Amino acid sequence: MRRSLPRLEQIEAFIEGARGPTFRAAADRCALSAAAFSRRIQAFSDHVGARLFERTAGGARLTDAGKDCFAELEPAYLELRRIAEKVGDRGRRDVTLSLSHSLAVGWLIPRLEKFRARHPDIALTLKTDRGARGVRSGEADLGICFTDIDLTGLDHVDLLNVAATPVAAPQIARAFAEDGLDRYPLLSVTQPTDLWDWWTRSTGRPMPSGQVTRFEFIHALYETASQGLGVAIGSSPTVWPFLEAGRLERIGLPVARFPGGYQLAAAPDRKRRGPVGAVWHWLEEQAAATPQLA
């Protein structure tokens, strides 16, 4: 009687688990919960009929049987992935990019007309997602993620630096005195938290005494500030549309630079697809041309 093959998702879980460095990281790459990932590993072990991993203080490592299985299976798995990608890519000119709502509205969308002029044959879909789950699961071809997102196992490069300085509506900016922050409501965002505290620590200035009103979306923050309702922490690159339109102005206070910034990421096999590579290079060009707060 011919033995049945294991399910492909079980093979994928085993391959990613063998690649490490931890089961948690492997589960993230498969876009699975830890429990669901463990069930797939156990189902594959049961199918093979051998113990493939052993527990250690640091997590898990391959047994000798697991090492033999990985050595035999990984090349076949990679070849299957390559063939599936190649067949699926025929005639495809659509690319899905994941990024945060704030970066989409404040940086990417104003540049989409340039993208369409450069690549009229590529249909670009935007998926709002601050993390890398969509890239790992295959729902997104590319992702722009902040520096706090784990990109282990993905190809990634630094894309955009981030800096911040207080900004306000023109009528406030023109009348602003250097010690005037205490006179105005302070505006910020919910994530990252405590931006005003971070800015004062980074610039050596005293923390203003006013209460801070926080907004979930940075576009709402800038809209509120542009109506003269307070002084906002404006961060590059998202503040530039408001500065260039004259709706917000800098008020002469120092710029603080974040230790990290935005990174561009993709699965290595997905990045090799022609349209995805074209979008990748276009994003790098646009980032290089983005002004810096100085």
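FYI, in this note's numbering the residues of the sequence shown are 3 to 296.
Ideal Cβ placement from N, Cα and C applies to all residues, glycine included.
Predicted model only: the values in this text are computed from it and were never measured.
With a 10 Å radius around its C-beta and 16 neighbouring C-beta atoms as the bar for buried, classify residue i as buried or exposed.
i      : result
GLU74  : exposed
PRO210 : buried
GLU287 : exposed
ASP48  : exposed
ILE299 : One cannot answer for residue 299 here, as it falls past the ends of the chain, which runs 3 to 296.
VAL265 : In the sequence as displayed, the identity of residue 265 is Gln instead of Val. Per the 10 Å Cβ criterion, buried.
MET3   : Any reading at MET3 needs caution, since the residue's pLDDT is 46, under 50, leaving its predicted position unreliable; the model's value is listed next. Flag for MET3 reads exposed.
ALA38  : exposed
ASP66  : exposed
GLY108 : buried
VAL191 : buried
ALA281 : Inspection of the sequence shows that residue 281 is occupied by Val rather than by Ala. Burial call: buried.
Measure the alpha-carbon distance for residue i versus residue j and round it to whole angstroms.
i      : j      : result
ALA216 : PRO168 : The amino acid at residue 216 is misidentified as Ala; the sequence shows Arg. Rounded to whole angstroms, ARG216 to PRO168 spans 14 Å at the Cα level.
PRO77  : ILE13  : 12 Å
THR58  : PHE46  : 20 Å
ALA29  : THR202 : 39 Å
LEU82  : ALA20  : 18 Å
CYS32  : ILE17  : 10 Å
GLY68  : ARG53  : 7 Å
Between the options, which has its C-alpha nearest residue i's C-alpha?
i      : options                      : result
ASP143 : ALA296, ALA267, TRP284       : ALA267
PHE25  : ALA62, GLU11, ARG53          : ALA62
VAL214 : GLY206, ALA78, GLY232        : GLY232
ARG41  : GLU11, GLY206, ALA179, LEU99 : GLU11
THR205 : PRO77, ALA165, ARG138        : ALA165
PRO256 : ARG207, ASP152, TYR224       : ARG207
PRO293 : ALA280, LEU188, SER238       : SER238
Helix, strand or coil for residue i per DSSP?
i      : result
GLU11  : helix
TYR79  : helix
LEU153 : coil
ASP131 : coil
VAL112 : Inspection of the sequence shows that residue 112 is occupied by Pro rather than by Val. Reduced to three states, the DSSP call for PRO112 is helix.
VAL97  : strand
>> Whether or not the stretch 273 to 287 and the stretch 186 to 203 are in contact is what I'm after, with contact meaning three or more pairs of Cβ atoms, one per stretch, closer than 8 Å; do they touch?
In response: no
> Are the stretch 113 to 129 and the stretch 95 to 105 touching, with three or more C-beta to C-beta distances below 8 Å?
Replying inline: yes
>> Three or more C-beta pairs under 8 Å: does that hold for the stretch 240 to 255 against the stretch 130 to 138?
In response: no
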